[in-house]
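*Asks:*
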Amino acid sequence: QKEVEQNSGPLSVPEGAIASLNCTYSDRGSQSFFWYRQYSGKSPELIMFIYSNGDKEDGRFTAQLNKASQYVSLLIRDSQPSDSATYLCAVNPWTSGTYKYIFGTGTRLKVLA
Amino acid sequence: KAGVTQTPRYLIKTRGQQVTLSCSPISGHRSVSWYQQTPGQGLQFLFEYFSETQRNKGNFPGRFSGRQFSNSRSEMNVSTLELGDSALYLCATSTTGNRNTEAFFGQGTRLTVV
Numbered sequence: 002q003k004e005v006e007q008n009s010g011p012l013s014v015p016e017g018a019i020a021s022l023n024c025t026y027s028d029r030g031s032q033s034f035f036w037y038r039q040y041s042g043k044s045p046e047l048i049m050f051i052y053s054n055g056d057k058e059d060g061r062f063t064a065q066l067n068k069a070s071q072y073v074s075l076l077i078r079d080s081q082p083s084d085s086a087t088y089l090c091a092v093n094p095w096t097s098g099t100y101k102y103i104f105g106t107g108t109r110l111k112v113l114a
Numbered sequence: 003k004a005g006v007t008q009t010p011r012y013l014i015k016t017r018g019q020q021v022t023l024s025c026s027p028i029s030g031h032r033s034v035s036w037y038q039q040t041p042g043q044g045l046q047f048l049f050e051y052f053s054e055t056q057r058n059k060g061n062f063p064g065r066f067s068g069r070q071f072s073n074s075r076s077e078m079n080v081s082t083l084e085l086g087d088s089a090l091y092l093c094a095t096s097t098t099g100n101r102n103t104e105a106f107f108g109q110g111t112r113l114t115v116v
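Protein chains in written order, with this note's numbering: chain A, 2 to 114; chain B, 3 to 116.
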């Protein structure tokens, strides 16, 4: 089982719709969770982080965390063509002195104009 | 506030050569992590440094090494390059690398081995 799993996509949504991106993780002791956006040929850009169960909103983005289900998601409201990118879920387990971020392989999002 | 700076941006090397990549973190960031990104494998963790000490290492051969200087700048070195080492090498820096700290990436160094 991979440590952080994401559906590779592509996930296609029409412009203006809500895009829902999902991520599951295997280490139950994981403490913090991140969403990065990566455009083709560019480096990952941090867009959201969440540390506590529940929802966290930032503009058009909402991160949702459910530690009991080991599940984190990212909702993008009013999706725009410029949101088309690969979205990477990352987990910082921070257990047993583990200082690293573990990444999923990413979900490719396509927003259709 | 300056971001994470990686140099060089692009490199072309021949098999068997060695290469050194550099990462200058955001001011105040003392944790530097290195990742290799390839289309098939995604982001693979190489190693993490904090206060000149390697705290974590990924599953890469000994040809991959790194170090960190007292000013938190980090370098990684790959010796005896192989074709499979062609990838985007990214560094990410954070204040401490501990829980609840965000990591920010540099622009990456794209290494091509021919």
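All C-beta atoms in this analysis are idealised placements derived from N, C-alpha and C, irrespective of residue type, glycine included.
List the DSSP bridge partners of Thr106 (chain A).
*Replies:* Position 105 of the first sequence, counting from 1, holds the residue named residue 106 (chain A). DSSP, once it has assigned bridges, lists no residue as partnering Thr106 (chain A).
*Asks:* Are the C-beta of Lys57 (chain A) and some C-beta of chain B separated by less than 8 Å?
*Replies:* By 1-based counting over the first sequence, the position of residue 57 (chain A) is 56. For Lys57 (chain A), the answer is no, since every Cβ of chain B falls outside 8 Å of its Cβ.
*Asks:* Candidates A:Glu16, A:Tyr100, A:Pro82 and A:Phe104: which alpha carbon is nearest Val92 (chain A)'s?
*Replies:* The residue labelled residue 92 (chain A) in the question sits at position 91 within the first sequence. It is A:Phe104.
*Asks:* Between Asn58 (chain B) and chain A, is any beta-carbon pair separated by less than 8 Å?
*Replies:* For the purposes of this step, residue 58 (chain B) is taken as the residue at position 56 of the second sequence. Chain A, which has a Cβ nearer than 8 Å to the Cβ of Asn58 (chain B), makes this yes.
*Asks:* Cβ of Ser33 (chain A) within 8 Å of Cβ of Arg32 (chain B)?
*Replies:* Here residue 33 (chain A) is taken as the residue at index 32 of the first sequence, counted from 1. Here residue 32 (chain B) is taken as the residue at index 30 of the second sequence, counted from 1. No. Outside cutoff.
*Asks:* Answer with yes or no whether the minimum CB distance from Arg45 (chain B) to chain A is below 8 Å.
*Replies:* Within the second sequence, residue 45 (chain B) is the residue found at index 43, counting from 1. The sequence as given places Leu at residue 45 (chain B); Arg does not occur at that position. Yes - at least one Cβ of chain A is within 8 Å of the one on Leu45 (chain B).
*Asks:* Measuring only the C-alpha atoms, how far is Glu54 (chain B) from Ser76 (chain B)?
*Replies:* Walking along the second sequence from the start, residue 54 (chain B) turns up at place 52. Walking along the second sequence from the start, residue 76 (chain B) turns up at place 74. Distance between the alpha carbons of Glu54 (chain B) and Ser76 (chain B): 9 Å.
*Asks:* Would you check if the region 13-21 of chain B and the region 68-75 of chain A touch, i.e. whether three or more CB-CB distances between them fall below 8 Å?
*Replies:* no
*Asks:* Using the beta-carbon count (16 or more within 10 Å), is Val6 (chain B) buried or exposed?
*Replies:* Position 4 of the second sequence, counted from the first residue, corresponds to residue 6 (chain B). Looking at its Cβ environment, which holds 16 or more other Cβ atoms inside 10 Å, Val6 (chain B) is buried.
*Asks:* Using CA atoms only, rank isn't needed, just tell me which of A:Leu47, A:Pro15 and A:Arg38 is closest to Arg109 (chain A).
*Replies:* Within the first sequence, numbered from 1, the residue matching residue 109 (chain A) stands at position 108. Comparing Cα positions, the closest option is A:Arg38.
*Asks:* Once you ignore the five residues that flank Arg52 (chain A) on each side, which residues in its own chain have a CB closer than 6 Å to its CB?
*Replies:* As a position in the first sequence, residue 52 (chain A) is number 51, starting the count at 1. The amino acid occupying residue 52 (chain A) in the given sequence is Tyr; Arg does not appear at that position. Hits under 6 Å: Ser33.
*Asks:* What runs of the beta strand (DSSP E), each 3 residues or longer, lie entirely inside the region 13-40 of chain B?
*Replies:* 21-26 and 33-40
*Asks:* Rounded to whole angstroms, what is the Cα-Cα separation between Gln109 (chain B) and Leu47 (chain A)?
*Replies:* Counting from 1 along the second sequence, the entry for residue 109 (chain B) is found at position 107. Counting from 1 along the first sequence, the entry for residue 47 (chain A) is found at position 46. Computed Cα separation, rounded: 13 Å.
*Asks:* Check the Cβ of Leu13 (chain B) against every Cβ in chain A and list those closer than 7 Å, keeping chain order.
*Replies:* On the second sequence, position 11 is the one that residue 13 (chain B) refers to. The contacting residues do not exist; Leu13 (chain B) stays about 16 Å from chain A at best.
*Asks:* On the three-state DSSP scale, how would you describe Gly86 (chain B)?
*Replies:* What you label residue 86 (chain B) is simply residue 84 of the second sequence in a count that begins at 1. Helix, per DSSP.
*Asks:* One question on the structure: do Ser83 (chain A) and Glu16 (chain A) come within less than 8 Å of each other, judged by their Cβ atoms?
*Replies:* Locating residue 83 (chain A) in the first sequence gives position 82, counting from the first residue. Locating residue 16 (chain A) in the first sequence gives position 15, counting from the first residue. In this structure, Glu16 (chain A) does not lie closer than 8 Å to Ser83 (chain A) by Cβ.
*Asks:* Anything in chain A within Cβ reach of Phe52 (chain B), meaning under 8 Å, just list it in chain order.
*Replies:* Within the second sequence, the letter at position 50 stands for residue 52 (chain B). Proximity of chain A to Phe52 (chain B) at the Cβ level (cut-off 8 Å) is accounted for by Tyr100, in chain order.
*Asks:* Would you grab the beta carbon distance between Ile14 (chain B) and Val116 (chain B) for me? Rounded to a whole angstrom, and I think it's under 8 Å.
*Replies:* For the purposes of this step, residue 14 (chain B) is identified with residue 12 of the second sequence, where counting begins at 1. For the purposes of this step, residue 116 (chain B) is identified with residue 114 of the second sequence, where counting begins at 1. At roughly 6 Å, the Cβ-Cβ gap stays under 8 Å, so Ile14 (chain B) and Val116 (chain B) are in contact.
*Asks:* To the nearest angstrom, how far is it from the Cα of Leu85 (chain B) to the Cα of Leu23 (chain B)?
*Replies:* Against the second sequence, residue 85 (chain B) aligns to sequence position 83. Against the second sequence, residue 23 (chain B) aligns to sequence position 21. Using only the alpha carbons, I get a separation of about 17 Å.
*Asks:* Leaving out the 5 sequence neighbours to the left and right, which residues in its chain are closer than 7 Å to Ser85 (chain A) when beta-carbon positions are compared?
*Replies:* Residue 85 (chain A) sits at position 84 when you count from the first residue of the first sequence. Cβ neighbours of Ser85 (chain A) beyond the five flanking positions: Leu110, Lys111 and Val112.
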